[in-house]
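This report concerns only the one structure given below.
Protein chains: 2
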Amino acid sequence: MSSLRIHRNSPGPGVAELGMVEAPEAGHGCRVCLVRHLAVCTALPADQASALEQLTGDTRLHAGELLAREGDLRRYVFTVQTGALRRTRTLADGRRLVAGFLMPGDYIGFSSATHYRHTIEAITDSTLCAVSHEGMRTLCATYHGLEHELMQRACIELDATRDKLMALARMTPPERLAGFLLDMVQRRQRQGLDDAVVALPMTRTDIADYLGLTIETVSRCFTKLRGEGLIATPDPHTVQLLDRKKLELLAAAA
Amino acid sequence: MSSLRIHRNSPGPGVAELGMVEAPEAGHGCRVCLVRHLAVCTALPADQASALEQLTGDTRLHAGELLAREGDLRRYVFTVQTGALRRTRTLADGRRLVAGFLMPGDYIGFSSATHYRHTIEAITDSTLCAVSHEGMRTLCATYHGLEHELMQRACIELDATRDKLMALARMTPPERLAGFLLDMVQRRQRQGLDDAVVALPMTRTDIADYLGLTIETVSRCFTKLRGEGLIATPDPHTVQLLDRKKLELLAAAA
DNA sequence: CGGCGCGTTGAACACCCTCAAACTAGGTGG
DNA sequence: CCACCTAGTTTGAGGGTGTTCAACGCGCCG
C-alpha cells in the first residue's frame with residue numbers, strides 16, 4: 015500500500031509485525047526528541063522515556079512519498095518530527111482538497127474511522143514517530159495524563175478546523191491567504207523559529223486546494239498583498255510579513 | 015450574559031452556584047433520559063445513574079433564546095435532549111457562519127478555549143442536560159470509560175468537520191444541499207425516526223450560512239432538486255427524499 | 001537546446017451574488 | 001372580514017468576482 019519505512023531503535027512488542035523494518039537509527043530516542051515539548055508525549059513522565067521508546071519506531075519519507083492512502087487500514091498514529099506533509103482528498107472528477115498541512119509536533123491519529131479518510135503525503139523529506147494503536151492503548155491505560163493530553167489536542171484541532179470553516183464559507187480570497195500566512199508563521203513560532211519570514215514548502219496548487227481557490231487566484235492574491243506592501247516574496251516559497259497588523263485585520267475581517 | 019435557565023431535580027455539588035435555578039422538574043432523571051443511548055453518558059455504568067444525576071441540571075430554552083454568546087466564559091458542557099440549536103459566528107461586517115446544528119444526543123463541549131468561540135442559540139424550544147466542567151472532571155477521573163467515550167466522539171466530530179471542509183471548498187451548491195439533506199436524515203435515523211421525510215427546523219438563512227451560500231442560491235437549489243425529482247417540499251420546512259440514490263451520488267460527486 | 005514543472009499574468013466567460021419584487025402565511029387591529 | 005404588517009421564501013434580472021482558458025517567464029535537467 016503505502017511506501018512506509020520504519021527505522022527502529024529497539025524491537026518492542028506490538029509493532030513487530032511491521033513491514034519494511036530497517037536497521038535502528040543511531041542516536042535516536044525519546045530522550046533526545048526535538049519535538050518532545052510540542053508532542054503529545056509531554057504528558058508522559060520524563061523518566062518513562064524508555065518505556066515509550068520500546069513502543070515507538072521512526073518513519074522516514076522522501077518528498078512526494080505517501081504515509082497513507084485514502085482507504086488504507088489505520089494501524090499507527092504518528093507524530094511529525096521534521097519536514098512537512100499534506101492531508102488530501104480527491105473526488106472522482108479530480109477536484110482536490112488539502113484538509114491540512116502537518117508540521118513538526120503535529121499528531122496524526124485523530125479519527126474515529128478504521129481506515130484513512132485522507133491521503134497523507136510528504137511535501138518535503140520528513141521523519142515521523144510511529145506508535146501502533148495497541149501501543150497507544152497500552153500507554154493510555156497506564157498514563158491517564160496521556161489520554162487527557164490527546165483529548166486536549168483533539169479539541170484544539172477541532173477549534174482550528176471550525177475556524178477553517180469560516181474561512182472557506184465566508185472569507186474572500188485575500189482574507190483566506192492572509193489567514194493562512196499568519197497560521198504558518200504561528201507554527202514557526204511554536205518551533206521557536208524566526209517569525210518575520212515564512213517558508214512555504216508546499217506548491218501554489220496545495221495552497222489553492224487548501225484555501226478552496228484556484229492557483230491563478232492564489233497567485234493574484236500574492237500579487238495583491240505584495241502590491242499593498244503587506245508581504246514580500248523573495249521567491250515563491252519564501253514570504254516576508256511586512257505589515258503583520260494589517261494582515262491580522264484582513265484575516266479577522268474586522 | 016446568556017438567558018440560561020436551569021431546572022434541577024436535586025441540588026448537587028458543583029453546580030450550586032448556578033444562576034437562575036428554578037424548581038426541580040418532576041419525572042426527570044438520567045434513568046429515564048430519552049437520549050441516553052445517544053449521549054456520552056452511555057459510557058457510565060447503568061447503576062451509576064444516581065451519581066450522574068447529582069451533577070446534572072436541565073436547561074430549557076425557548077426558540078430564539080441563547081445558550082451562550084461568543085466570548086462568554088465556558089462553565090458547563092451540555093447534551094442536547096430535545097429540540098435543535100445552531101452554533102454561529104458573525105464577522106464585524108455581518109457575514110455569518112453557521113458552524114453546525116445541534117440535535118438530540120449531541121454533546122456541546124469539545125473546545126480547548128476558556129470562552130465560547132461561537133454563539134449557540136435555540137432554533138426550536140430545546141432542553142439540554144448541563145454539567146459543570148468540575149463535575150465533568152470528577153466523572154472522568156472516576157470513570158475512565160467516559161474520557162474514552164468523549165475522545166471517541168471528539169474524533170467523530172473532527173471527521174465530520176473535515177468532511178464539511180471539502181463541501182465548502184469544492185462542492186457545488188446543489189451538491190452541498192444534497193449532502194446537507196442526507197446528513198439531516200441520517201441524524202433522524204439515529205433517533206429512530208422515519209427516514210423518508212426530513213424536518214428542517216432552521217430557516218433558509220441558516221442553511222445558507224451553513225453551506226456558505228446565499229438564501230437565494232439555497233432556494234434555487236431546492237427548486238432544482240425538486241425539478242429533477244430528487245426531493246419534494248410539501249412546505250419549506252419539510253423535505254421528502256424521493257430518490258436517495260441520486261442524492262447520494264450528487265453529494266459524493268461520484 | 002528543448003522539454004518540463006511551476007508560477008505569473010491577461011482576457012473572456014460562467015456562476016453565484018446582489019438587488020428587487022412578488023408571494024405566502026401568520027398575527028394584529030380597525 | 002379585510003386591511004395591514006412582518007418574516008420567510010421564491011423568482012427574476014443584472015452585475016461582479018473567481019474561474020477557465022491561454023500565453024508567457026523562469027529555473028532545472030537531460
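Going down the list, the protein sequences come from chains A and B. All letters in the first sequence, in the order written, are residues 15 to 268 by the numbering used here. All letters in the second sequence, in the order written, are residues 15 to 268 by the numbering used here. From the three backbone atoms N, C-alpha and C, an ideal C-beta is built for every residue, glycine too. Nothing here was measured: the structure is a model prediction, and the numbers come from that model.
Checking the sheet assignment: what are the DSSP bridge partners for H129/A?
Against the first sequence, residue 129/A aligns to sequence position 115. Partner(s): L87/A.
Indicate whether Y121/B and T102/B have their beta-carbon atoms separated by less than 7 Å.
Taking the second sequence and counting its residues from 1, the one referred to as residue 121/B is at position 107. Taking the second sequence and counting its residues from 1, the one referred to as residue 102/B is at position 88. Not in contact: Y121/B and T102/B (Cβ atoms no closer than 7 Å).
Can you list, in chain order, the residues of its chain whose CB lies under 7 Å from that of L182/B, leaving out five sequence neighbours each side?
Position 168 of the second sequence holds residue 182/B. Closer than 7 Å at Cβ, skipping near neighbours: G226.
Run through DSSP, which three-state label would D249/B get?
Mapped onto the second sequence, residue 249/B falls at position 235. In the structure shown, D249/B sits in a strand (DSSP, three-state: E or B).
Look up G226/A in the DSSP assignment and give the residues it is bridged to.
For the purposes of this step, residue 226/A is taken as the residue at position 212 of the first sequence. Listed as beta-bridge partners of G226/A by DSSP are no residues whatsoever.
At a CB distance below 7 Å, what residues from the segment 175-189 of chain A approach chain B? Give them in sequence order.
T175, R176, K178, L179, M180, L182, A183 and R184
Quick one: residues in its chain with C-beta nearer than 7 Å to the C-beta of A213/B, no 5 flanking neighbours on either side, listed in chain order?
Numbered from 1 along the second sequence, position 199 holds the residue referred to as residue 213/B. So the qualifying residues of the chain are H251 and T252.
Kindly indicate which three-state DSSP category L46/B falls into: helix, strand or coil?
For this step, residue 46/B is matched to residue 32 along the second sequence. The displayed chain sequence assigns Val, not Leu, to residue 46/B. V46/B: helix per DSSP, three-state reduction.
Using the three-state DSSP reduction, which class does R109/B fall into: helix, strand or coil?
Taking the second sequence and counting its residues from 1, one reaches residue 109/B at position 95. Per DSSP, reduced to three states, the secondary structure at R109/B is coil, with no helix or strand assignment.
Where F124/A and K178/A are concerned, what is the direct C-alpha to C-alpha distance, given to the nearest angstrom?
In the first sequence, residue 124/A corresponds to position 110, counting from 1. In the first sequence, residue 178/A corresponds to position 164, counting from 1. Using only the alpha carbons, I get a separation of about 17 Å.
Specify whether the segment 73-89 of chain B and the segment 134-146 of chain B touch according to this definition: at least 3 beta carbon pairs, one from each stretch, less than 8 Å apart.
yes
Would you kindly work out how many angstroms separate the C-alpha atoms of L164/A and L239/B, rounded to a whole number?
Locating residue 164/A in the first sequence gives position 150, where the first residue counts as 1. Locating residue 239/B in the second sequence gives position 225, where the first residue counts as 1. Those two C-alpha atoms are separated by around 42 Å.
Taking the alpha-carbon of A127/B as reference, which of L195/A, M185/A, T237/A and R167/A has the nearest alpha-carbon?
Counting from 1 along the second sequence, the entry for residue 127/B is found at position 113. Ranking the options by Cα distance to A127/B, first place goes to R167/A.
Can you pull the chain B residues whose beta carbon is under 8 Å from the beta carbon of D173/A, in chain order?
Here residue 173/A refers to the residue found at position 159 when the first sequence is read from its first residue. Within chain B, the residues near D173/A are S125, S126, A127 and R131.
Which same chain residues end up closer than 6 Å to T228/B when comparing Cβ atoms and leaving out the 5 residues on each side of it in sequence?
Within the second sequence, the letter at position 214 stands for residue 228/B. Around T228/B: A222.
Quick one: residues in its chain with C-beta nearer than 7 Å to the C-beta of H76/B, no 5 flanking neighbours on either side, listed in chain order?
Stepping through the second sequence from its first residue, residue 76/B is reached at position 62. The answer, listed in chain order, is A136 and D139.
How is the alpha helix (DSSP H) around A65/B delimited, first residue to last?
Within the second sequence, the letter at position 51 stands for residue 65/B. A63 to E67 is the span of the alpha helix (DSSP H), which, as asked, contains A65/B.
So T152/A is in the alpha helix (DSSP H); what residue range does that whole segment cover?
For the purposes of this step, residue 152/A is taken as the residue at position 138 of the first sequence. Unbroken alpha helix (DSSP H) run through T152/A: H147 to T156.
Return the residues of the segment 88-119 of chain B that lie within a Cβ-Cβ distance of less than 7 Å from chain A, sorted by chain order.
R103, L105, A106, D107, R109, L111 and A113
If you pair each beta-carbon of the segment 192-205 of chain A with each one of the segment 256-267 of chain A, do three or more pairs fall below 8 Å?
yes
So D197/A is in the beta strand (DSSP E); what residue range does that whole segment cover?
Translated into the one-based positions of the first sequence, residue 197/A becomes position 183. Looking at the DSSP string, D197/A is not in any beta strand (DSSP E); the run it does join, the alpha helix (DSSP H), is P187 to R204.
Where does G97/A land, buried or exposed, given buried means 16+ other C-beta within 10 angstroms?
Here residue 97/A refers to the residue found at position 83 of the first sequence. The residue is buried, with at least 16 neighbouring Cβ atoms inside 10 Å.
Span of the beta strand (DSSP E) holding A213/B?
The count along the second sequence starts at 1 and reaches residue 213/B at position 199. A213/B -> beta strand (DSSP E) spans V211 to A213.
Find out if the Cβ-Cβ distance for the pair A53/B, G119/B is shorter than 7 Å.
Taking the first residue of the second sequence as 1, we reach residue 53/B at position 39. Taking the first residue of the second sequence as 1, we reach residue 119/B at position 105. It is a contact, given that the beta carbons lie within the stated cut-off.
Can you tell me where the beta strand (DSSP E) holding A82/B begins and where it ends?
The sequence position of residue 82/B within the second sequence is 68, counting from 1. Looking at the DSSP string, the run of the beta strand (DSSP E) that includes A82/B is L80 to A82.
For a cutoff of 7 Å on Cβ pairs, would you count C169/B as touching chain A?
Walking along the second sequence from the start, residue 169/B turns up at place 155. Yes - at least one Cβ of chain A is within 7 Å of the one on C169/B.
Roughly how many whole angstroms lie between the Cα atoms of L172/A and E171/B?
Counting from one through the first sequence, the residue named residue 172/A turns up at place 158. Counting from one through the second sequence, the residue named residue 171/B turns up at place 157. Each residue's Cα considered, the two are about 8 Å apart.
Thinking C-beta only, is P188/A closer than 7 Å to C154/A?
Numbered from its first residue, the first sequence carries residue 154/A at position 140. Numbered from its first residue, the first sequence carries residue 188/A at position 174. No, they are not a contact pair.
Q203/A touches chain B at which residues, Cβ-Cβ below 8 Å?
Indexing the first sequence from 1 puts residue 203/A at position 189. Within 8 Å Cβ-Cβ: nothing; Q203/A doesn't reach chain B, min ~18 Å.
Starting from L75/B, trace the beta strand (DSSP E) in both directions and tell me its first and last residue.
For the purposes of this step, residue 75/B is taken as the residue at position 61 of the second sequence. Segment T70 to L75, the beta strand (DSSP E) holding L75/B.
Check the Cβ-Cβ distances between G226/B and every residue of chain A, and say whether any is below 7 Å.
Residue mapping note: residue 226/B aligns to position 212 of the second sequence, counting from 1. True, the Cβ-Cβ gap to chain A drops below 7 Å.
Please decide whether E5/B counts as near chain A, where near means a Cβ-Cβ distance under 7 Å.
Any question about residue 5/B goes unanswered here, given that chain B covers just 15 to 268.
Between the alpha carbons of M150/A and Q200/A, how many angstroms are there, rounded?
In the first sequence, the residue the question calls residue 150/A occupies position 136. In the first sequence, the residue the question calls residue 200/A occupies position 186. Approximately 29 Å between the Cα atoms of the pair.
Here's the rule I'm using: 16 or more other beta-carbon atoms within 10 Å means buried, otherwise exposed. How should T46/B be labelled?
Position 32 of the second sequence, counting from 1, holds the residue named residue 46/B. The residue you asked about is not Thr; residue 46/B is Val in the sequence shown. Exposed.
Going straight from the alpha carbon of E67/B to that of L244/A, what length do you get?
If you number the second sequence from 1, residue 67/B lands on position 53. If you number the first sequence from 1, residue 244/A lands on position 230. Each residue's alpha carbon lies about 55 Å from the other.
Please confirm whether V285/A and T70/A have their CB atoms less than 7 Å apart.
Here chain A covers residues 15 to 268 and nothing more, so residue 285/A does not appear.
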